[in-house]
Structures are given as structure tokens and as C-alpha cells.
Amino acid sequence: MDHFEIRDGVLHAEQVSLETLAAAVGTPFYCYSAATMTRHFEVFRAAVAGLGNGDPLVAFAIKANPNLSVVATLARLGAGADVVSGGELSRALAAGVPAERIVFSGVGKQPHELAAGIEAGILQFNVESEAEIAMLAEVAAARQRPVELAIRVNPAVNPGTHAKISTGGKDSKFGIPFERAGAAFMLAAGQEWLRPVGLAAHIGSQLTDLGPIEDCIGRLGGLAQELRGAGHPVTRIDVGGGLGVPYRRDQPAPPEPHVYAAMVARATRGWDCRLMFEPGRMIVGNAGVLVSTVILVKQGASKTFVVADAGMNDLLRPSLYNAWHDIQALRPRDERITATVVGPVCETGDTFADDREMEAVAAGDRIAFLTAGAYGATMASTYNSRPLVPEVMVNGASWAVVSARNEPAAMQALDTVAPWLEPQPGATATV
Ligand SMILES: *Cc1c(COP(=O)(O)O)cnc(C)c1O
Numbered sequence: 000m001d002h003f004e005i006r007d008g009v010l011h012a013e014q015v016s017l018e019t020l021a022a023a024v025g026t027p028f029y030c031y032s033a034a035t036m037t038r039h040f041e042v043f044r045a046a047v048a049g050l051g052n053g054d055p056l057v058a059f060a061i062k063a064n065p066n067l068s069v070v071a072t073l074a075r076l077g078a079g080a081d082v083v084s085g086g087e088l089s090r091a092l093a094a095g096v097p098a099e100r101i102v103f104s105g106v107g108k109q110p111h112e113l114a115a116g117i118e119a120g121i122l123q124f125n126v127e128s129e130a131e132i133a134m135l136a137e138v139a140a141a142r143q144r145p146v147e148l149a150i151r152v153n154p155a156v157n158p159g160t161h162a163k164i165s166t167g168g169k170d171s172k173f174g175i176p177f178e179r180a181g182a183a184f185m186l187a188a189g190q191e192w193l194r195p196v197g198l199a200a201h202i203g204s205q206l207t208d209l210g211p212i213e214d215c216i217g218r219l220g221g222l223a224q225e226l227r228g229a230g231h232p233v234t235r236i237d238v239g240g241g242l243g244v245p246y247r248r249d250q251p252a253p254p255e256p257h258v259y260a261a262m263v264a265r266a267t268r269g270w271d272c273r274l275m276f277e278p279g280r281m282i283v284g285n286a287g288v289l290v291s292t293v294i295l296v297k298q299g300a301s302k303t304f305v306v307a308d309a310g311m312n313d314l315l316r317p318s319l320y321n322a323w324h325d326i327q328a329l330r331p332r333d334e335r336i337t338a339t340v341v342g343p344v345c346e347t348g349d350t351f352a353d354d355r356e357m358e359a360v361a362a363g364d365r366i367a368f369l370t371a372g373a374y375g376a377t378m379a380s381t382y383n384s385r386p387l388v389p390e391v392m393v394n395g396a397s398w399a400v401v402s403a404r405n406e407p408a409a410m411q412a413l414d415t416v417a418p419w420l421e422p423q424p425g426a427t428a429t430v
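Take the sequence shown: its position 353, counting from 1, is numbered 352 in numbering that gives the first Met the number 0, and each next residue is one higher.
So this is what it looks like as C-alpha cells:
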């Protein structure tokens, strides 16, 4: 469910017309609905409430949408944060996520990032290699601070999603292979300042089949039991994120949070553990759209191209993952066309939709790419020297720009002309 709908012939975000926003901030821009992300968070939290012993932690995966207003909206509702870099840790803290609700994941954490997490007093590190255990032990010892961690296990299950967002296969770079995870836990337990307290896994994103997640949870449970048998306390299990969202209105929706929660309840029955969840896409995916203006419509040899002012640098998912985004005219007419929707970037991969049957649009019309709230603005680049686009948040009848467009001068400000290229006084040009 989301709060983007046609009212009086125009697509609105909650009570605000996207045409009004387009006129105010220019296109392209991202628009987020606070009510939608709030609802998704509350539905997910209500579904998992009561699972495990104690209050489950719902740690929003910051990488899905790190905008400070997005994270602050969720933080006020009680969300924690799953961070994968020092930059995300800093954002989570700046947005008001309490340190004791922050989990730090990632295969390549560096000593300075580990140190920042320890100094902030985060809940736990999800450690992904034996080498990281050694690194964390050293950083913790230098500060004489006990550090809690979970071993991120690679459960060797195939989640059945796009290869680029599968993270739990046997040869994936993520986690410690299942067979060595118990030994890694004991290795950590032997370090003076490390306190291994749990197990974690995250097998992939945009999951639409709960079977692989259930297998993964089963494997974590078996390992937890083994470790407990050997006298190690395992008090937290982090089952990751990954629940899919509906990208296509014409296809069946992925399992709802209550169905997912019922599976988790079944798979974890009798475990005496605090459960942790790391949803990202599920919370913000359908809470955002990318609004764009049609620059022109161009007839190719056999295709009709709708050339939008948004490009692959603004929304990378179609180009990177062949991902589908529904495309909706801001002022739908009663007429349909088949068109290939592209951006202005000089790459053939800058294609949002190929031969898509869609509402008819003409130059100057505005369109919205739906379900763009997750892995949208956060993956944007300035390729082709295109400025990062603004992000706007709507809350009822109110709206605010929550990230500004970076203008060309700001982009160039980071470059410097090397001293030998500066014009020399009195020099003549040489060829
Ligand atoms: C990306 C990621 C998530 C969130 O995945 P979603 O599919 O957005 O729910 C959770 N945990 C970890 C460790 C991740 O890397």
C-alpha cells in the first residue's frame, strides 16, 4: 500500500500534487511519502512484535535510502539501523538513531570504521571473516572496550533472486562459510575484548520466495544449538532483510510481512533469543517515486523513444539489474502507446523500459517512475556531469526539500586544475 494516487486527474503524494512540486523544484526529483514509509515500518514491526524473547530489533538498512529525513522519520518510530560503512554510521547517528539500536555489517570494514562504531557504542558488529575478527580484536584492545558481535554466516542457500542482489550463495563474498562459522565464533570468544553474542545472515534482496529464508533460519538455529552445547551463549539471531516489494501492479505481490513473520515464528519456535531484522527495500521502496519531464518523443527505425530528463545516473536499477519500474503519467490521458523510455545519458544502457505499453505522453508531459524509494537516489551518480537531483519529502499537506540539487559549480568545486596547467604569466602556447 502507498500514498501515491491520482486526485483530480493529477498524481499526488499524500495531499500534494506532484505537478506542484515539479513546478517548485524542477525535474527530475525524487519524492518520498512519509505516511507510506511510516505505515510500512509499523506494519513490519507489528508483524514481528512478540517473536523471540524480548523486543525484536527492526534495524532499517540505511543503504536502501540514507536521506537524513528518511532515517529520522524511521528513527522517531523506534527503528534501529543496519549500516555498512562509516559514512552510514555517521548518518544513522546524525538522524537520531540511538547507538544501542545500530548494527554494523559489511565485508570490508576498515579499522577506522570499527573504531568509530566502538566509540559510538553501537549494539553489535556483524563480522564477516576471520581476518575481521583479528582486526576488531586489535581495535577493541587498543581502546580497552568490550565489543559485542555476531558472526555473519554464509548459509549457502540460493535465494532465487537476481544474481547481483544474491548474497547467501556458497561462493558469495558475504559471511563466513557455514562449516567454519562455529569455529569463527569460538575464535572470537577467545579474544580478550570480543564478546560474540549471536549469529546473523542476509541472503539477498527482493526475495519473493520465503523457502530459502526459512532454510537459512533453520541453519542458524542448528548452529546456535551446537554453540550452546559447547557452552557459548547465543542470545541474538539476526535474520537480515531482503523481503521483496511489488514493482509491477500487474503481477502478484511478494509475501506480506505477516506471512513472513508467521514463517519466522515457526522457524524460531522455542529459541531463547532476541531476534533482529534488517529490512530496507520493504520499508521505503514504494514510499518513493522519481518524477521526470519528457524532453521529446523521437521516432526511431522501428521504435518510439520517449526521452526523459531523468537518466540512468539518477535511477540505476533498470540499467544495473534490468529492473522494472512502473511508469505513470502525472496527468494520465485515455490513450495508450508502446514506447521505449530512455534518458539523455550517452549510454545504450540508459533505458528505463523497452517497448513498454504505457499511457500516451508528449514533450513537456511529466511521468513518474514508481517504487523508486529504495536503491534510487542513493545509487545516483553525476555521470555525464549531471547534477544529483533533489529529494523532496511529503507529509500530509506539507512538503520539504530534504536534499538539494547540486549545481554544476558545486560539482566542479572538488576538482582543481593541476599547477602545470595554470596559465603562466608571459608564456606562449606550445603545440
Ligand atoms: C542490503 C542489506 C539489507 C537490506 O536488504 P533489503 O533487501 O533492502 O531488505 C539488510 N542487511 C544487510 C546486511 C544488507 O547488506
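Where a beta carbon is used, it is the ideal one built from N, C-alpha and C, also for glycine. Computed from a predicted model, the values in this text were never measured in an experiment.
Roughly how many angstroms separate the alpha carbons of residue i and residue j, rounded to a whole number?
| i | j | result |
| --- | --- | --- |
| residue 236 | residue 276 | 9 Å |
| residue 207 | residue 141 | 44 Å |
| residue 349 | residue 312 | 8 Å |
| residue 325 | residue 370 | 8 Å |
| residue 415 | residue 285 | 40 Å |
| residue 203 | residue 347 | 28 Å |
| residue 365 | residue 343 | 15 Å |
| residue 73 | residue 36 | 8 Å |
| residue 119 | residue 47 | 27 Å |
| residue 420 | residue 404 | 30 Å |
| residue 230 | residue 223 | 11 Å |
| residue 173 | residue 167 | 7 Å |
| residue 263 | residue 218 | 13 Å |
| residue 64 | residue 43 | 17 Å |
| residue 83 | residue 53 | 25 Å |
| residue 41 | residue 23 | 31 Å |
| residue 111 | residue 7 | 53 Å |
| residue 356 | residue 323 | 13 Å |
| residue 377 | residue 62 | 7 Å |
| residue 500 | residue 242 | The structure shown does not extend to residue 500, since the chain is modelled only from 0 to 430, so the question has no answer here. |
| residue 117 | residue 90 | 16 Å |
| residue 4 | residue 374 | 22 Å |
Helix, strand or coil, according to DSSP, for residue i in the structure here?
| i | result |
| --- | --- |
| residue 377 | helix |
| residue 222 | helix |
| residue 12 | strand |
| residue 79 | strand |
| residue 217 | helix |
| residue 0 | coil |
| residue 179 | helix |
| residue 122 | coil |
| residue 86 | helix |
| residue 137 | helix |
| residue 383 | helix |
| residue 506 | Residue 506 cannot be examined here, being either before or after the span of the chain that is shown, 0 to 430. |
| residue 404 | coil |
| residue 256 | helix |
| residue 129 | helix |
| residue 99 | helix |
| residue 32 | strand |
| residue 227 | helix |
| residue 56 | strand |
| residue 68 | helix |
| residue 248 | coil |
| residue 210 | helix |
| residue 110 | helix |
Closest by CA to residue i, which one among the options?
| i | options | result |
| --- | --- | --- |
| residue 435 | 119, 162, 112 and 193 | Outside the shown range of the chain (0 to 430) lies residue 435, about which nothing can therefore be said. |
| residue 128 | 199, 51, 160 and 96 | 199 |
| residue 337 | 352, 378 and 382 | 352 |
| residue 360 | 347, 344, 354 and 332 | 332 |
| residue 145 | 196, 373 and 422 | 196 |
| residue 135 | 100, 96 and 186 | 186 |
| residue 368 | 396, 341, 172 and 165 | 341 |
| residue 335 | 343, 323, 303 and 314 | 303 |
| residue 178 | 45, 213 and 221 | 221 |
| residue 98 | 78, 190 and 372 | 78 |
| residue 33 | 45, 5, 21 and 67 | 67 |
| residue 431 | 270, 31, 0 and 160 | Given a span of 0 to 430 for the chain in the structure shown, any question on residue 431 remains unanswerable. |
| residue 76 | 90, 123, 89 and 58 | 58 |
| residue 162 | 190, 152, 261 and 320 | 320 |
| residue 180 | 154, 205, 189 and 190 | 154 |
| residue 383 | 410, 278 and 258 | 410 |
| residue 39 | 372, 391 and 385 | 372 |
| residue 446 | 234, 327 and 300 | Absent from the structure is residue 446, since the part of the chain shown begins at 0 and ends at 430. |
- At what residue ranges does the segment 276-353 contain a whole run of the beta strand (DSSP E), taking only runs of 3 or more? Taking only runs of at least 3 residues, the beta strand (DSSP E) segments lying wholly in the segment 276-353 are 287-298, 303-307, 326-328 and 335-341.
- Message: Taking 8 Å as the cut-off, does the segment 15-35 touch the segment 304-314 (at least 3 CB pairs, one atom from each stretch)?
- Response: yes
- Message: Any contact between the segment 243-259 and the segment 5-22? By contact I mean 3 or more CB pairs, one from each, below 8 Å.
- Response: no
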